[in-house]
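Encoded as structure tokens, the structure appears first; notes follow it.
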Amino acid sequence: MNYENKTILTGVKPTGTLHIGNYVGAIKPAIEFGHKVNQNGKHIMFVADYHAINAIKDAPLLSRLTKEIACAYLACGLNPEKSLFYKQSDVPELFEMTTILMAYTPKGFMNKAHAYKAAVDKNIARGEPTDAGINMGLYTYPVLMASDILSYDTDFVPVGKDQVQHVEIAADIAGAINAHYEKEVLKIPASYLTESAQVLPGIDGQKMSKSYHNVIPLFGSDNEIKKAVMSIKTDCQDINDKKNPDDILLYHIARGIAPESVVAEIKEGLEKGGMGYGSIKKMLLQAILDEVSEKREKYFYYMDHFDEVNDMLQSGAQKARQIARPVLERVKDAIFNRK
Ligand code: TRP
67 MNYENKTILT GVKPTGTLHI GNYVGAIKPA IEFGHKVNQN GKHIMFVADY HAINAIKDAP
127 LLSRLTKEIA CAYLACGLNP EKSLFYKQSD VPELFEMTTI LMAYTPKGFM NKAHAYKAAV
187 DKNIARGEPT DAGINMGLYT YPVLMASDIL SYDTDFVPVG KDQVQHVEIA ADIAGAINAH
247 YEKEVLKIPA SYLTESAQVL PGIDGQKMSK SYHNVIPLFG SDNEIKKAVM SIKTDCQDIN
307 DKKNPDDILL YHIARGIAPE SVVAEIKEGL EKGGMGYGSI KKMLLQAILD EVSEKREKYF
367 YYMDHFDEVN DMLQSGAQKA RQIARPVLER VKDAIFNRK
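The following block contains the structure:
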């Protein structure tokens, strides 16, 4: 696939302190996309802070998490000269677009959306009323996300599996508008599942997620990272047993984060027997520290110099608005019969 002239867009919701699962599954692949786009294409990475307010009402916390994500993007190699980098809340065009899209979104789409359904299922499991604690922001989440995507004539949205349905909803809404006005008012986006968007297991073998308390922190201290790696669950097979690497959690985590040569060494050690879990943990720890140390330094630099980051976000938002505005006007021309 040629991505050079395409518009690629990703958003990350600031809802938790970042771990290496976020890095491997979302941040890294999204930043790598930026290198595939040329001057005729666009690479857009933004912080979805308005999506976050559905869940986070604690203002200082939201502000800290937003800051952390912005600094993490930069630390992991996002170049704001080449990629558009902004906070969703700084682009008012998005919210005007959202209101328009609402009118073309069947309510049934929202009933079926994963984020809402998951919240409903949780309520039912707890014996609570179906919609307890669910706000309209969560319910209409996919419409704002559709606006994020459609407002820039996005071609591709690199996402994890859990977000594919949301991109499909965006494509359906755009399709409905185009069909109604019998022309291409909005570009139809597609999701792009990156291979590395596979779920990284956490230290207990479940999906790595802050809600499972099983994460390896991305920008933790050496000691914090070490503590997490040393707690990765292992079985009690004998060191000399020949093992199937696919059965070994350490191997799965290594495959997500360690360089190929290290992964190959671990694989061989497990298959032949003789390599203990303790030494594999040491190798994995070293691989993680090699991958994150430099980024961690940059991350703390940006956290300490957030004014610089803010300037980048502000100028990114200005550029984003210049792209979103004509798209919005095009849609308004169609719906209000202005041209
Ligand atoms: N829903 C995404 C998440 O939870 C964040 C997001 C918001 C997004 N708008 C987007 C992702 C647009 C891709 C495109 O991670």
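Every letter in the sequence shown is one number past the one before it in this note's numbering, and letter 264, counting from 1, is 330.
Even glycine gets a Cβ: it sits at the ideal position worked out from N, Cα and C.
Bear in mind the structure is a predicted one, so any value in this text is a computation, not a measurement.
| So does Thr171 have its beta carbon nearer than 7 Å to some heavy atom of the ligand TRP? | In this structure, Thr171 has its CB at a distance of at least 7 Å from all heavy atoms of the ligand TRP.
| message | I'd like to know whether the C-beta atoms of Ala138 and Gly77 end up nearer to each other than 8 Å. | response | Taking 8 Å as the Cβ cut-off, Ala138 and Gly77 do not qualify as a contacting pair.
| task | Check Ala324 in the structure and name its three-state DSSP category. | result | In the structure shown, the three-state DSSP call for Ala324 is coil.
| Does the stretch 84-94 touch the stretch 201-213, meaning 3 or more C-beta pairs lie closer than 8 Å? | Using a Cβ-Cβ distance cut-off of 8 Å, the stretch 201-213 and the stretch 84-94 are not in contact, since fewer than three pairs of beta carbons, one from each stretch, lie closer than that value.
| request: Return the chain-ordered list of same chain residues with a C-beta closer than 6 Å to the C-beta of Leu84, the five sequence neighbours on each side being excluded. | output: Contacts found: Ala138, Leu284.
| said: Please state whether the Cβ-Cβ distance between Thr73 and Asp221 is less than 8 Å. | reply: Yes, these two residues count as a Cβ contact at 8 Å.
| query | Do you know offhand how far Gly286's Cα is from Tyr343's? | reply | Each residue's alpha carbon lies about 23 Å from the other.
| Can you name the residues that DSSP bridges to Ala256? | Bridge partners of Ala256: Phe222.
| query | For the 8 Å Cβ check, are there 3 or more pairs between the stretch 110-124 and the stretch 313-330? | reply | Touching, no.
| query | When you compare only the Cα positions, how much space is there between Ile259 and Gly340? | reply | This sequence places Leu at residue 259; Ile is not what is there. Near 37 Å, if we compare the C-alpha coordinates of Gly340 and Leu259.
| query | Unbroken alpha helix (DSSP H) runs of length 4 or more, entirely within the stretch 285-311: which are they? | reply | Along the stretch 285-311, the alpha helix (DSSP H) occurs as fully enclosed runs of 4 or more residues at 288-296, listed in sequence order.
| Buried versus exposed call for Gly174 [16 or more other C-beta atoms within 10 Å across all chains shown] | In the assembly as shown, Gly174 is an exposed residue. Its beta-carbon has fewer than 16 other beta-carbons within 10 Å.
| Looking at the structure shown, is Leu75 part of a helix, part of a strand, or coil, going by DSSP? | In this structure, Leu75 counts as strand in the three-state DSSP scheme.
| query | Asn104: which of Lys79, Pro195, Ser149, Lys309 sits nearest, CA to CA? | reply | Taking each of Lys79, Pro195, Ser149, Lys309 in turn and checking the Cα distance to Asn104, the smallest one comes out for Ser149.
| Is Ala114 near the ligand TRP, going by C-beta to nearest heavy atom under 7 Å? | For the ligand TRP, at least one heavy atom lies less than 7 Å from the Cβ of Ala114.
| task | Taking only the alpha-carbon atoms, compute the straight-line gap between Ile235 and Lys299 and give it to the nearest angstrom. | result | In this structure, the straight-line span from the alpha carbon of Ile235 to that of Lys299 is close to 38 Å.
| field | Three-state secondary structure assigned by DSSP to Val103 | value | In the three-state reduction of the DSSP assignment, Val103 falls in the coil class, being assigned neither a helical nor a strand state.
| request: Specify the secondary structure class of Lys273 as computed by DSSP and reduced to three states. | output: Strand at Lys273.
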